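Residue numbers (the working numbering), protein chains in the order written: chain C, 267 to 379; chain R, 1219 to 1330. Comments concern the structure below.
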Amino acid sequence: EAQVTQNPRYLITVTGKKLTVTCSQNMNHEYMSWYRQDPGLGLRQIYYSMNVEVTDKGDVPEGYKVSRKEKRNFPLILESPSPNQTSLYFCASNPGPSRSEQYFGPGTRLTVT
Amino acid sequence: LAKTTQPISMDSYEGQEVNITCSHNNIATNDYITWYQQFPSQGPRFIIQGYKTKVTNEVASLFIPADRKSSTLSLPRVSLSDTAVYYCLVGDRGSTLGRLYFGRGTQLTVWP
């Protein structure tokens, strides 16, 4: 089944403790993105990647890192999480220049205390 | 990167047709218009995409006037299960192909 998977789905952590949220897609898509969603603010793009080793900042990249060493994986790294990063995070993939639809993962709800 | 303006919320009743309009005054020549639907605690789901005039699929229709500065998503005969947030996106087909702006979307509530 074609899908985007994220892990973990739920995470509660403390300020400053490094964490990684994994994202994997099995559709051989070139493009992948990370979004965060907060009440009243809609979906905001954090980082995106147009191919392996090619990443760029979205709207709200501060406090996050990403890497794209393999085509299927696009992990989101929070080196030193803070409470303002408490949010619902979505990973998405897209086939590429055809600009067809994005496929979203199920989401990761992160709480930083 | 062309941004969009949509109503924050809309209400409708079951069986009615719903039209959600999106403004995108700065749309570029190669930009496409895409609509997504999102239910609570789920990722957005692609609904429809178009470039000009009218596009129709099994879920919705998309109307785009000649100047392309706005678009209208039309949902025929809505049901309670159509209650969701609807996002209008304008895609940049230039050097920033991966860059997308979702905005706040339109909360559609369908009442019995």
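All residues carry an ideal CB built from backbone N, CA and C; glycine is no exception. All values reported here derive from a predicted model rather than from experimental measurement.
- Ranking R:K1272, R:S1241, R:V1328, R:G1323 by CA distance to the CA of R:V1296 puts R:V1328 first.
- When secondary structure is reduced to three states using DSSP, R:D1300 falls in the helix class.
- In the displayed model, R:Q1267 falls within a strand according to three-state DSSP.
- C:G306 is classed as exposed because its beta carbon has fewer than 16 other beta carbons within 10 Å across all chains shown.
- Its chain contains I278, T352 as the residues whose beta carbon lies nearer than 6 Å to that of C:T377, once the 5 sequence neighbours on both sides are disregarded; these appear in chain order.
- R:N1237 sits in a strand when the DSSP states are folded into three classes.
- With respect to C:V270, C:Y355 sits apart: the two C-beta atoms are not nearer than 8 Å.
- In terms of Cβ geometry, R:A1278 and R:L1298 do not form a close pair [threshold 8 Å].
- Between C:Y330 and C:V320, the alpha-carbon positions lie close to 16 Å from each other.
- In this structure, C:T379 and C:L342 do not form a Cβ contact; the two beta carbons are roughly 19 Å apart against a cut-off of 8 Å.
- R:G1261 sits buried, since 16 or more C-beta atoms from the chains shown fall within 10 Å of its C-beta.
- If you draw a straight line from the Cα of R:I1251 to the Cα of R:V1308, it is about 5 Å long.
- Boundaries of the beta strand (DSSP E) around C:N317: 308-317.
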